[in-house]
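Student: Numbering (our numbering), first residue to last: 486 to 1516.
A virtual CB, placed ideally from N, CA and C, is assigned to each residue, including glycine.
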Amino acid sequence: MTQQQVQASHTNGNHEMNNYNYGYPSFVNPPDQTSAANGHTLPNNTAVPMNPAEGTPQKPQTDAQTDQGKSKIPKLENTESKNSCVSSPLPDSPTSSVLEARRRQAQADKESEEKTDQQPTKEVSKDGSKMKEDEKIDVKQEDKEAKDLTPSPESSTSRQTDPDFQPTNTGFTQNQIIAFDAQIPESAKAIWRKYSKLHKPKDESNTINNDEFERTFVSKVEFNLARNMYNCDAMAAYHAASGSIRDTLLVDWANTQQKQTIHNGKRVYYLSLEFLMGRAMDNALINLKSRKTVETALSGLGFNLEDVLDEEPDAGLGNGGLGRLAACFVDSLSSRNYSGWGYGLNYQYGIFKQRIVDGYQVETPDYWLKNSNPWEIDRHEIQIPVNFYGDVEEVYDEASGETKRVWNSGDQVLAVACDFPVPGYNTSNTNNLRLWNARPTSEFDFNKFNAGDYQQSVAAQQNAESITSVLYPNDNFDKGKELRLKQQYFWVAASLHDIVRRYKKNHKSDFSKFSEQVAIQLNDTHPTLAIVELQRILVDVEGLPWDDAWAVVTKTFAYTNHTVMSEALEKWPVYVLGNLLPRHLQIIYDINYYFLKSVESRFPDDRELLGRVSIIEEGEPKSVRMAYLAIIGSHKVNGVAELHSELIKTTIFKDFVQIFGPDKFINVTNGITPEDELAALISEKLDDKDYEFLTHLGRLKELEQFVDDENFLKRWDAIKFNNKRRLAALVKAETDVDLDPTVMFDVQVKRIHEYKRQQLNIFATIYRYLRIKELQRQGVSIDDIKLKHFISKATIIGGKAAPGYYMAKTIIHLVNTVGEVVNNDTEIDNLLKVVFIPDYNVSKAEIICPGSDLSNHISTAGTEASGTSNMKFSLNGGLIIGTVDGANVEITREIGEENIFLFGNLAESVEEIRHKHLFEGVKVPETLQKVFDAINSGMFGDPAEFRPLIDSITQHGDYYLVTDDFDLYLECQDRLEKVYGHHGGDSTDKDHLHRWVKKSVLSVANMGFFSSDRCVDEYAENIWNVEPLNE
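1) Leaving out five residues before and five after aspartate 863 in sequence, what residues of the same chain have Cβ atoms less than 7 Å from its Cβ?
2) Between leucine 786 and phenylalanine 702, which are expected to be in contact by the criterion C-beta below 8 Å, what is the C-beta distance as a whole number of angstroms?
3) Using the rule of at least 16 other Cβ atoms within 10 Å of the residue's Cβ for burial, across every protein chain shown, is glutamine 947 buried or exposed?
4) Going by beta-carbon coordinates alone, are tyrosine 828 and arginine 731 separated by less than 8 Å?
5) What residue from Ser1354, Phe1191, Ile1237 has the CA that sits closest to glutamate 1169's CA?
6) For asparagine 480, which residues from the same chain have a beta carbon less than 7 Å from its beta carbon, with the 5 sequence-adjacent residues on both sides left out?
7) Just the Cα atoms here: how many angstroms apart are isoleucine 1133 and phenylalanine 1404?
8) Buried or exposed: glycine 1389, going by 16 or more other Cβ atoms within 10 Å of its Cβ?
9) DSSP three-state call for isoleucine 841: helix, strand or coil?
10) Can you look up tryptophan 717 in the DSSP assignment and give me helix, strand or coil?
11) At what residues does the alpha helix (DSSP H) containing glutamine 1006 begin and finish?
12) In the DSSP output, what is glutamate 1102 paired with across the bridge?
13) Would you kindly work out how many angstroms separate the C-alpha atoms of aspartate 1231 and serine 1337, rounded to a whole number?
14) Buried or exposed, going by whether 16 or more other CB atoms sit within 10 Å of the CB of asparagine 497?
15) Have a look at leucine 1185 and phenylalanine 1495 and give me their C-alpha separation to the nearest angstrom.
16) Looking at the structure shown, is valine 955 part of a helix, part of a strand, or coil, going by DSSP?
17) Out of curiosity, what's the CA-to-CA distance linking glutamine 550 and leucine 1029?
18) Measure the CB-CB distance between serine 775 and threonine 692 and report whether it falls below 8 Å.
19) Return the bridge partner residues of tryptophan 853 from the DSSP annotation.
20) How would you write the range of the beta strand (DSSP E) that alanine 902 sits in, first residue to last?
21) Note the first and the last residue of the continuous alpha helix (DSSP H) segment covering asparagine 1301.
22) State the Cα-Cα distance for the pair tryptophan 1035 and phenylalanine 999, rounded to the nearest angstrom.
23) Between the alpha carbons of tyrosine 874 and serine 727, how many angstroms are there, rounded?
24) With which residues is leucine 1339 paired in a DSSP beta bridge?
25) Take leucine 1455 and list the residues in its own chain whose beta-carbon comes closer than 8 Å to its own, dropping the five residues that flank it on each side.
26) Would you call the CB atoms of cysteine 717 and serine 1497 closer than 8 Å?
27) Is it true that the CB of valine 877 sits closer than 8 Å to the CB of proline 1106?
28) Below 8 Å, can you find three or more Cβ-Cβ pairs linking the segment 1119 to 1137 to the segment 1349 to 1365?
29) Cβ of serine 1340 within 8 Å of Cβ of glutamine 1244?
30) Excluding the 5 residues preceding and the 5 following valine 1303 in the sequence, name in chain order all residues of the same chain whose CB lies nearer than 8 Å to its CB.
31) Given lysine 971, which residues of its chain have a CB within under 8 Å of its CB, disregarding the five upstream and five downstream residues?
32) Starting from valine 985, trace the alpha helix (DSSP H) both ways and give me its first and last residue.
33) How about the segment 800 to 810 and the segment 887 to 898: do they share at least three Cβ pairs that are nearer than 8 Å?
34) I'd like to confirm the pairing. Which residues does DSSP put opposite tyrosine 1444 in its beta bridges?
35) Pull up the DSSP beta-bridge partners for tryptophan 1057, would you.
36) Is the segment 1364 to 1383 close to the segment 1449 to 1467, with three or more CB pairs under 8 Å?
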C-alpha cells in the first residue's frame, strides 16, 4: 500500500447512513455487508437484523469463486515460517544423554513454535468435519503424552531412549514435569539436589545472611569481575553486591515461575511503554528485608552501602507518572501474590539525559547501560521475528473454499528478550518484567563491506536497533511518526507472540479458554495495536473464524485511560500505518466496519453518531483513533481517579457510554508503593518492628492518637528538617545554589507541560520578587518584610520537556533566567531562591519528596487524570497546594479539607470560561500584567524568547486559564504561609508544630487508601478476575 493510495482514501466526510463508507478508503472493499444483514455476529455480540421486506441479499462473488478452474489467485500453501523464535539447538554429543535430549527437544520446540508465526494454517478434512492440520497433529501428540504420564521402568534410567520430554528454554506444563521427572536418572537427581537452591522445603528459607553475602561478594569480585581487594572500587562493589543479591532473588524467581506453571491459573500481562523502576538494588534490599544485613556486611568489607547504591544509575525505562504507576503495579502484583508479568522495551538510551546550558534544556543520550546492568537476565534463546512493510495477498484455499489474506512482509527484525525479576515485599513471590531488545536478522553485510560501502554494511543493524534506542522519538515529522509506530508494534507483536506461546503449551490450539487464562491490561493507548495483532494471530495464523476470534479479543483486553484532553489522545495517519503494517490496517478497517454496522442498526436516527465514534477520523490526513480502537476492543475501560473517570464518561467518551452502557466504564484510583523516610518513627509508635504497615497502610490511621503529643511532633519535624538538609545538598550539587533548610521548600517536580502549569508557578514567583523589591524601594527592611509580608521561601522546580515541545522548553528557560536574577540579588537575603533541578528521576524524587514542605499540583481543573506525585509527597509528610483536579479530589476527601490548600476554578466551569475567552477576550489581572511587563522589559533576558509563552495567554485564548486562576493562587499562597509561620528549623516554634506539623501528621495518617496494593486488588477483582496465588 503506497502513501498515494492511502491519500486517495481521504474521501468526503458524508455520514448519511444509506451511503456511509464506514471509514474505508476507496481502494479497500469492506467485508460482505450482507453477512451482517443476515445476522452476522458483530463486535460485542451485536447482530444487525435483516429487514424482511428487502429479501435476502445475494453474496457478491470474488473472481476466484466465479471461475475457480481458471483462478489467477494462487493456491494457499501450508508453508511454515523460515524464522524460528528460538535459537539453534544445542550441539549433539553421542556420549551425553542429556545433550541428546536437549537437542531433540529444542528441535521439537522450534517446529512447534514456528506454527505461531506469521503464516495461516491449512485446513484438512477429517470425518466429514474441518480441522486444522496442526490440531490433527496435536490430537496424536496428546494421546502420546497421556501414555507417557505413566512412564515405564526403562524410561526412568535413560533420557536417550525416550526423548519426548526434554528440557526446553520455555519450561514445562504440569503433566510434562511429572513425566520428565520420572525419566531423570536418580544419580543425576541426587547431584542436582545436592547443589541446587531451587525448590527447597519451606523451612529452608531463602534469606541473605552476613556470612553468605560476604562469601558470594568476594567470589563475584574475583571470578566475575577479575578483580581483588586491592582494586575493587565502588562500581565493582556495586556489581558484586548486585550479583550476590540477585543470586538470592533468582531462587524465589525460579520457584515462582514453576509454581505458577504448575498452578496453571490466570495470568495478568501488563503492557506499558514505560516502567520507571528507579534503582533495582535498593528496591530488592527493601523487599527482601535485608538492608541492614547487607549494610553491615559491606561495612565489614570496607564499603559504605549508600556509596555503593549511588553507583547504580536509574533505569532509563520511563519518564513520568505513567512509568512510575507501571513500576508500582508490577511491584504490587508480586507483593499481593498475583501471577503477573510486565512487558516493555529495553531502551538503550532511555528518554534522554537533561542538561541545562545557558538556561536552556539540552538533550543528551542517557548512557544508563554503559557499565552493563547486573539485574538483567539476557534471554538470547528467545528471539521472535517481527515483520514490517510489504503487502497483503489474497490467496484462495481450495480446502476451505475461502479466500484468505496473507501478509508478505518486506522487512523483519528480531525481538530478543531480557528479564528483570520483580520481588514482592515480605513474600517469596517474584514476578517477571520482560523487556525486548531489537536486533537485525543479519547484522553485517560482508559483500558491501568488502566493496568499501562500510556504512551500508552495518545499516541493517543500525535500523533495527533504532527501534529500542530511545523512549518517545520526536514525532514532529513523518520519519519520527513511523519510528514511534514501529516501536509500538515491535513491542506488542513480540509480547503477544510470547503470551500466545505460553498459553499454547497447555492448551494447544484451543483458544476457547484464552480469556480465562489471560488478562492483558493496556496502560494508555501505546499498546493498542495488541488488539489488532491478537485478532491477526487468531484469524490469519490459528485459523479461527472472525467472530470467534473477536469474542476472544474483547474478553481479554482492558484499557486504562490517562487523559481527558481529546487533543492528547493518540492518533496515527492512515498512510503511515498502512505503509508500515498493511495487514493491520485492513483489520482495523474491518473492526470499524462491523462496529459501525452494529451502531447503525441500534441508532438509525442518529446520522452524526457514526462519524463521531468511527475509529477512522476523516480529515487531512485521515487518521486512526487509537483510544477508540482500545475502547471497542476491550471489555473494561477505567479512569484513574474519580473525577477523571466521571469526566471521560461525560465528555470525550460519552458516545461510547451510550453505545456500550455505563458498566463498561469504571474507576480505579491510582496508588503508589510507599517508601517513607518517616518509617522508623512510625514503626516505633505503631509497635510494628517488622514494618508490616508498609503493606497495610490502613494502620497509619493509628497515628492520629499522637497529633497532640508535642514530643512526637518535635521528632517528626526533626526528621523532616534532616530530609530538607539532604535536599539542600542535592540542590547544591546539581545547581551550585545554596539553600537555607530553615526556609519553606516549595516544590513542583513533574513532566513539564502547559496543562500542569509550571508557568503559573514561575509567574507567581516573579510577582513575589517584584513585590519584595517594591517594598525595599519603599524603605521597608528585610526583617519587617519577613515579619509582616512574606516568609522566606525556596521555589524548587524540576522535570523534562519533550524534545519537540517548544512551549515547555520555554517555561524551563524562564525558570532558569528568573533563578539567575533572583539568586544573585544579594539585597533580598534568603527571602527567595529559585532553582531548577535538572534530569529529574526516581532517585532524585526519593530525596525531593521527603524534603519538601509544600508541593504544587496545580493543573487546570479537568486536565489531570490522576497524578501520583501528589500521593508520594503527602505520604512523606508534605502538604499540598492544588486545584480541584485529578486525585487531589480524593486526597482531600481522605485527609480532610483543612489539611490541604485548594484554589482555582472548578472543572465544570472550564469550558464556559474558555468560551468567554474566545468571544470576549482574555482579561489579564493587574498582578499578572506586572509580571508580563517585567518580562517584556528584559529583566529576565531577551523578551523575544518568552513572547510565545505570553502570547499563548494574551492573544490565543489562555486555554489553561492562567489569568483566571492567578490571583486565586496568590491568595492561597498567602493563606498557607500564615499557617507555616517563621520556622527556625530547631523545632521550638510551638505555633509551627501545632499548625503545620500537625497537618503533616494527619495527612500521612489518612493516606492509607492510596496504596498500589489496594489499587491492584481492585483491578484483580473488577477487571482481571484473578485470585492471588498465596504461599
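Tutor: Let's see:
1) Along the sequence shown, one-based indexing puts residue 863 at 378. Taken in chain order, the residues that qualify are Cys903.
2) Working through the sequence shown from its first residue, we reach residue 786 at position 301. Working through the sequence shown from its first residue, we reach residue 702 at position 217. Cβ-Cβ separation between leucine 786 and phenylalanine 702: approximately 6 Å, consistent with a contact (criterion under 8 Å).
3) Stepping through the sequence shown from its first residue, residue 947 is reached at position 462. Answer is exposed; the Cβ neighbour count stays below 16.
4) Within the sequence shown, numbered from 1, the residue matching residue 828 stands at position 343. Within the sequence shown, numbered from 1, the residue matching residue 731 stands at position 246. Contact flag unset, no.
5) Taking the first residue of the sequence shown as position 1, residue 1169 is located at position 684. When only C-alpha atoms are compared, the closest one is Phe1191.
6) Since the first residue of the chain shown is 486 and the last is 1516, residue 480 is not available in this structure.
7) In the sequence shown, counting from the first residue as 1, residue 1133 sits at position 648. In the sequence shown, counting from the first residue as 1, residue 1404 sits at position 919. The alpha-carbon atoms of isoleucine 1133 and phenylalanine 1404 are separated by roughly 26 Å.
8) As a working mapping, residue 1389 is identified with position 904 in the sequence shown. Glycine 1389 is classed as buried because its beta carbon has at least 16 other beta carbons within 10 Å across all chains shown.
9) As a position in the sequence shown, residue 841 is number 356, starting the count at 1. Reduced to three states, the DSSP call for isoleucine 841 is strand.
10) Locating residue 717 in the sequence shown gives position 232, counting from the first residue. Note on identity: in this sequence residue 717 is cysteine, with tryptophan being the wrong assignment. Judged by DSSP in its simplified three-state form, cysteine 717 adopts coil rather than helix or strand.
11) Working through the sequence shown from its first residue, we reach residue 1006 at position 521. From DSSP, glutamine 1006 is part of no alpha helix (DSSP H) but of the beta strand (DSSP E) over 1003 to 1008.
12) Reading the sequence shown from its first residue, position 617 is the one you call residue 1102. Answer is Ser1108.
13) Along the sequence shown, one-based indexing puts residue 1231 at 746. Along the sequence shown, one-based indexing puts residue 1337 at 852. So the alpha carbons of these two residues sit roughly 7 Å apart.
14) Your numbering for residue 497 matches position 12 in the sequence shown. A caution first: asparagine 497 carries a pLDDT of 36, below 50, which makes its placement in the model unreliable, though a value can still be read off. With fewer than 16 other Cβ atoms within 10 Å, it is exposed.
15) Taking the first residue of the sequence shown as position 1, residue 1185 is located at position 700. Taking the first residue of the sequence shown as position 1, residue 1495 is located at position 1010. Going from the Cα of leucine 1185 to the Cα of phenylalanine 1495 covers about 12 Å.
16) Here residue 955 corresponds to residue number 470 of the sequence shown, with the count starting at 1. Residue state, collapsed to three classes: coil.
17) As a working mapping, residue 550 is identified with position 65 in the sequence shown. As a working mapping, residue 1029 is identified with position 544 in the sequence shown. The pLDDT assigned to glutamine 550 is 39, lower than 50, so where the model puts this residue is not dependable; a value taken from the coordinates is nonetheless given after this. Distance between the alpha carbons of glutamine 550 and leucine 1029: 21 Å.
18) For the purposes of this step, residue 775 is taken as the residue at position 290 of the sequence shown. For the purposes of this step, residue 692 is taken as the residue at position 207 of the sequence shown. At the C-beta level, serine 775 and threonine 692 come within 8 Å of one another.
19) Here residue 853 corresponds to residue number 368 of the sequence shown, with the count starting at 1. Tryptophan 853 is not bridged to any residue.
20) Here residue 902 is taken as the residue at index 417 of the sequence shown, counted from 1. Alanine 902: member of the beta strand (DSSP E) spanning 896 to 908, first to last residue.
21) Counting from one through the sequence shown, the residue named residue 1301 turns up at place 816. Start and end: 1291 to 1308.
22) For the purposes of this step, residue 1035 is taken as the residue at position 550 of the sequence shown. For the purposes of this step, residue 999 is taken as the residue at position 514 of the sequence shown. Spanning the two alpha carbons is a distance of roughly 12 Å.
23) Translated into positions along the sequence shown, residue 874 becomes position 389. Translated into positions along the sequence shown, residue 727 becomes position 242. Their Cα atoms are separated by approximately 42 Å.
24) Locating residue 1339 in the sequence shown gives position 854, where the first residue counts as 1. Beta-bridge pairing links leucine 1339 to Asp1231, Leu1364.
25) Position 970 of the sequence shown, counted from the first residue, corresponds to residue 1455. Sequence-distant Cβ neighbours of leucine 1455 in its own chain, meaning closer than 8 Å and more than five residues away, are Ala1249, Tyr1252, Thr1412.
26) In the sequence shown, counting from the first residue as 1, residue 717 sits at position 232. In the sequence shown, counting from the first residue as 1, residue 1497 sits at position 1012. Against a cut-off of 8 Å, the Cβ pair of serine 1497 and cysteine 717 comes out as no contact.
27) Locating residue 1106 in the sequence shown gives position 621, counting from the first residue. Locating residue 877 in the sequence shown gives position 392, counting from the first residue. One thing to note: proline 1106 has its Cβ no nearer than 8 Å to the Cβ of valine 877.
28) Between the segment 1119 to 1137 and the segment 1349 to 1365 there are three or more C-beta pairs closer than 8 Å, enough to call the two in contact.
29) The residue labelled residue 1340 in the question sits at position 855 within the sequence shown. The residue labelled residue 1244 in the question sits at position 759 within the sequence shown. Contact: no.
30) Within the sequence shown, the letter at position 818 stands for residue 1303. Close CB contacts of valine 1303 within its chain, under the 8 Å cut and outside five residues either way in sequence, are with Ile1247, Thr1250, Ile1251, Tyr1254, Val1319, Phe1425 (chain order).
31) On the sequence shown, residue 971 is found 486 positions in, with the first residue counted as 1. Result list for lysine 971: Phe873, Ile952, Leu1065, in chain order.
32) Within the sequence shown, numbered from 1, the residue matching residue 985 stands at position 500. Residue range 963 to 992 is occupied by the alpha helix (DSSP H) that includes valine 985.
33) Contact between the segment 800 to 810 and the segment 887 to 898 is absent: fewer than 3 CB-CB pairs across the two stretches fall below 8 Å.
34) On the sequence shown, position 959 is the one that residue 1444 refers to. In the DSSP assignment, no residue is bridged to tyrosine 1444.
35) Indexing the sequence shown from 1 puts residue 1057 at position 572. Paired residue(s): Val1109.
36) Yes, since at least three Cβ pairs between the segment 1364 to 1383 and the segment 1449 to 1467 fall closer than 8 Å, the two stretches touch.
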